[in-house]
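Residue numbers (the numbering used here), protein chains in the order written: chain A, 4 to 106; chain P, 4 to 106; chain L, 4 to 106; chain V, 13 to 334; chain R, 13 to 334; chain H, 13 to 334. In what follows, a structure is listed as structure tokens, so that the remarks can point back to it.
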Ligand SMILES: Nc1ncnc2c1ncn2[C@@H]1O[C@H](COP(=O)(O)O)[C@@H](O)[C@H]1O
Ligand SMILES: Nc1ncnc2c1ncn2[C@@H]1O[C@H](COP(=O)(O)O)[C@@H](O)[C@H]1O
Ligand SMILES: Nc1ncnc2c1ncn2[C@@H]1O[C@H](COP(=O)(O)O)[C@@H](O)[C@H]1O
Ligand code: NA
Ligand code: NA
Ligand code: NA
């Protein structure tokens, strides 16, 4: 199967900042992104859990976007625009995708 | 710690197509796969959210399978069998696993 | 954007063993980890689904931690301490992160 | 009649749906968690099935049940043909899209059934309890017709992927039929034990469920405005009337009560938004889900809720000379 | 008075919160799934809004509603100024942290409102139904003041990111106002249809919700013990009293009933723990959420629940010469 | 007696479980979201604990409570020894697997308790409210015995990992005991406030919960058919009878009422499917979960539900000369 190189960007960010992030992703013209729920975790601000939370303030989400390698740099800049003020974690890795038109 | 090379295949696909996908994965004799929930996202068909959905038609899931490198190609072929007709996104990357008997 | 190399460790483990795992991660002094929910999957012990489960015994979770490359080995040793007795799957890959102080 | 229509529009049920629509339209972040929405729908299916069964237990077995099941399956199988013809005439949908949409209109929406039942109850009109079993029978046959339509016109490839077992044994059919049988087996004595859960809070739960449906419908509409051409929307308003007339005629032939006629008309007029969309995404992935989802949930459902069921009850009353 | 206070402390509502606190303190793994907690809060908002609307429908439109909305918005906008002054005097919080905390105290906590309503009901004291609309109006203005305070003192950068639409149309405001309007439109007749869901189980649902809040508050407290200095905790106990006095004075000026005075005092005394924290994380991410979340949920909420609302009712009774 | 047994089999509760089993057997996609299932179980634990406490408040403190707690803990600690002996004699399970299974049978299943309570209620038989506290005491000791059995025979490694705090303070124990204490403290007056939530809908909620348990049990059975040898299944049917006899004897010695005897017999006869499996996965990961989960949930629970509790009540009636 022929595959095409792409960049996988994974962002873990507070739920209330999700709209700001996806707005930036839209502006950076990514072809798509996917949001996954997060149950809890731990960081410098201690452990937390989504259990029982009524509002979104306490929660986080994981956002996954695959982009063509040539656009990765500019997407990362847009992402950093939002993430720099938040507690989010951004990780980037190489992957291959089956259909190049989707990234 | 000794680790062994493996191929990590991540598939984002509509929930109703999950059974067809896992059937193909079984046929391709993967040693295992894991299904993660998805909250929402955006693609060429616009933004969507799982919130409030009663049926499965509107939702997506993420499927993760680690396979031995020598079987990756044939597993990808099986996956593509299902995914080609669906809106799923398939990404492939190298990883290392701790226990080779599981992939 | 300047990025820094890090190691991405992804662990899929039974929910009841989560506390033991995060205790080990704390001991290994990781800077953080994130827990994602899992819906179901299949492995050598057959297919399973979290649907309808009341207790945690039947379920699994995915734990994600990014660590600095120089600490990856020792973190993996700690993780294996717990995982070796459980059915968990550990996969390791290289990634780049935007802020090195978080890993 | 107008007064009754306005009264229906001002019921908490209809207004809860409107609240959801408005909230989605304003892009509020109001939302019902997926698990809660699914929980509410399990409650409604269980309650409505159970009540139907209890009524059958109380009223005795009606020989028309068998005929009704046959008639329901028939309606479900035939209505997509009419829908497909109308769609091809009224819109420029591709044959695959038209077939997928047509399948939704042969099948049914349980919550429309429930809303009609609530209306009948508040008017003091009874209906045959076994119609809930007929509703379950009407879920699947339409899918068969839709796939046949799609294959006749397009790639024969679609045939293979039909997950029959999943369609026929899908959760809502099994739950509805199962609860119906439990209600039948346990009868009024069983009902006495569970009515504090299945009856007293029923309408209130329905309000929350309709709030959620309004939110989902509103977001669907906003997302797929471009997919809904004038012709398609007109179809979404005309087809329920066509379905209702067919349903009324069938009900009349079966000799149903006024309430029963209104219910069967409502079933025929309603369009699926759970079972059929899921089946179509598997069996006809080439069809555009934006069209069938927003048409069924965003056009036909609100039409039936706000206007349709009042109309079908009036027609049933008139037909039976009431 | 003391006897009534003890009686309040021994209500299932307060004890459920205590159970949650204790379970969290013992590090039990007891937890309510996120989706269920959100479902319970949707239920409470819908029920309380709906009931308020029904009462307005029954009592007729009160011209004080307009004045009340204005007064509520005013209280919400002004209270953060007092809170900010107190915080700067009583603690060493940075100006950004103080502004963020201040915003919470201008805004309100609906569950404190609900607990006060439950207390009034068990004492047979009525209150103006439209206060629920006032509560909704009090959610947002405080955020404006908080951001103004933060900007005045810190980086001007904060301005841009305020998601106004999201703040004003946040889910809980839309649901509360929407349910209020539905209740108003459908009135007692509508209520008769849904009271098996919205009234009969209300207090029991509230118990489960408070169990969950106790769990969340307890875990928050455990996590952010270091953020809560003595000065900050004292502020969390003093500010509700300041708010209550302001609220009582406003209510007295509006000529509210005893129950209405107690409710407005409670609203002014309560601190947001849903809408404002979310807004602050977006608009003032520099502020430390550990401070405002644990102060609002872990200090002020329990204080109001256990002592405050009994006190405010006593003060309202005394004020009105009762 | 036979008639009563059939009557029990035809209750909505038992039939809901059967519906779940059948749906799973047919491989329907019917499922209850995890969060909803957990929410239902929180409701049931809270309601059953609360009711027990209210009854104690009404009946006054019974000196047998202390004896009962001791006896419960004793039963829980001792029954695994019998279970282990039977398992080694009847099956070829490894000593680790046998120890893990044995632990389940010393501990209890709250939903079996609840089902027995519902049966007693429908027969008009009362039971001691404090037995709910005894149930909570019976959850953990069995785990200790199971681990001792496993260690004696296998690698000493298991010792370290026992998460004692998590076992003793696990969510269901804390919730049950907490709700019991709240019910005790607030008494019948508190009950009057919450019975619209905790009493009226109770049996209906139980039906949905049993539907879910049927689904989970059915899927477990399908998945682990190979793990269930004839000997193991026979153990799953024999052990509840052994437990019940032990429980009856203990109850008789304690001088309990007929209802109380039936309840203690049921507790002893029931097998844990929440707390103990979770503990075993941590402390004895070498044990095969397919065996203990499907045995407890798929064999013993349905046996008790369908036949056991009717039998234990009959035995209790006979024993007390009724
Ligand atoms: N190195 C890491 N790997 C994975 N997740 C992390 C990491 N650091 C932080 N996180 C996540 O980000 C959240 C906030 O981190 P912090 O701001 O450091 O408290 C944590 O609770 C984790 O969910
Ligand atoms: N490049 C991408 N990266 C991550 N997720 C994507 C991407 N493209 C599509 N998706 C996901 O796939 C769904 C359907 O995509 P589409 O068919 O393009 O609308 C989207 O809503 C996303 O959840
Ligand atoms: N190769 C794999 N890739 C992804 N997930 C796996 C894999 N193997 C096992 N799993 C997950 O681990 C669970 C337990 O595996 P097992 O112990 O083999 O039954 C499975 O149900 C999957 O969720
Ligand atoms: Na139809
Ligand atoms: Na306030
Ligand atoms: Na037992």
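Ideal Cβ placement from N, Cα and C applies to all residues, glycine included.
For the options R:203, R:313, R:126, R:75, the alpha carbon positioned closest to that of residue 228 of chain R is the one of R:313.
According to DSSP, residue 50 of chain P shares a beta bridge with P:45. Residue H:25 holds the alpha-carbon nearest to the alpha-carbon of residue 218 of chain H among H:121, H:25, H:302, H:185. Taking a 10 Å sphere around the C-beta of residue 224 of chain V, we find 16 or more other C-beta atoms and assign the residue as buried. Using a CB distance cut-off of 7 Å, residue 94 of chain L counts as an interface residue toward chain P. In this model, residue 116 of chain R and residue 290 of chain R are separated by some 11 Å (Cα to Cα). Residue 67 of chain P is bridged by DSSP to P:13, P:37. Residues of the stretch 268 to 291 of chain V whose Cβ lies closer than 8 Å to any Cβ of chain P, in chain order: 285, 286, 287, 289, 290, 291. In terms of beta-carbon proximity, residue 314 of chain R stays away from the interface with chain H, with every pair separated by 7 Å or more.
Annotation note: the stretch 125 to 195 of chain V contains the following uninterrupted alpha helix (DSSP H) runs of length 4 or greater, listed N- to C-terminal: 143 to 149, 153 to 165, 176 to 180. Remark: C-beta atoms of residue 57 of chain H and residue 187 of chain H approach each other more closely than 7 Å. For the set H:89, H:102, H:48, H:45, the Cα lying nearest the Cα of residue 152 of chain H is the one of H:89. In terms of side-chain proximity, the C-beta atom of residue 96 of chain H is found no nearer than 6 Å to any non-hydrogen atom of ligand 6. For residue 98 of chain L, the CB contacts under 6 Å within the same chain, skipping 5 residues up- and downstream, are 9, 11 in chain order.
For the stretch 50 to 62 of chain P, residues whose beta-carbon sits nearer than 8 Å to a beta-carbon of chain V comprise 50, 51, 52, 53, 54, 55, 56, 57, 58, 59, 60, 61, 62. One Cα belongs to residue 157 of chain R, the other to residue 306 of chain R, and the distance between them is close to 21 Å.
Assignment of beta-bridge partners to residue 96 of chain L by DSSP yields L:11.
Burial is judged here by how many other beta carbons sit within 10 angstroms of a residue's own beta carbon; residue 176 of chain R has fewer than 16 and is exposed. Secondary structure note for residue 304 of chain H: its alpha helix (DSSP H) is the uninterrupted segment 301 to 307. With a contact defined as Cβ atoms closer than 8 Å, residue 194 of chain R and residue 28 of chain V qualify at about 6 Å.
Beyond the five residues adjoining it in sequence on each side, residue 60 of chain L comes within less than 7 Å, by CB distance, of 19 in the same chain, given in chain order. Neighbours of residue 37 of chain L across chain A, judged by C-beta separation under 9 Å: 15, 41, 42, 43, 44, 45, 46, 63, 65, 92. Within chain R, the C-beta atoms nearer than 7 Å to that of residue 88 of chain A come from 297, in chain order.
Straight-line spacing of the CA atoms in residue 299 of chain R and residue 91 of chain R works out to 19 Å. For residue 286 of chain H against residue 113 of chain H, the beta-carbon gap comes to about 15 Å, at or over 8 Å, which does not count as contact. The C-beta of residue 20 of chain A comes closer than 7 Å to at least one C-beta of chain R.
Taking 7 Å as the CB threshold, residue 132 of chain H stays off the interface with chain V. Here residue 70 of chain H carries a helix assignment [DSSP, helix/strand/coil]. With fewer than 16 other Cβ atoms inside 10 Å of its own Cβ, residue 87 of chain A counts as exposed. Identification of residues in the stretch 27 to 40 of chain H having a C-beta nearer than 8 Å to some C-beta of chain V yields 27, 28, 31, 34, 35, 38, 39, 40, given in sequence order. Going by DSSP, residue 258 of chain R is part of the alpha helix (DSSP H) stretching over 242 to 266. Contact annotation: the stretch 62 to 76 of chain R does not touch the stretch 59 to 74 of chain V, with fewer than three C-beta pairs closer than 8 Å. Look at the stretch 202 to 224 of chain V: the residues with a C-beta under 8 Å from a C-beta of chain R are 211, 212, 213, 214, 215, 216, 217, 219, 220, 223. By the C-beta density criterion, residue 251 of chain R is buried, having at least 16 other C-beta atoms within 10 angstroms. About 5 Å separates the CB atoms of residue 68 of chain H and residue 141 of chain H; that is less than 8 Å, so the two are in contact. The stretch 40 to 47 of chain H makes no contact with the stretch 142 to 149 of chain H; the number of CB pairs closer than 8 Å stays below 3.
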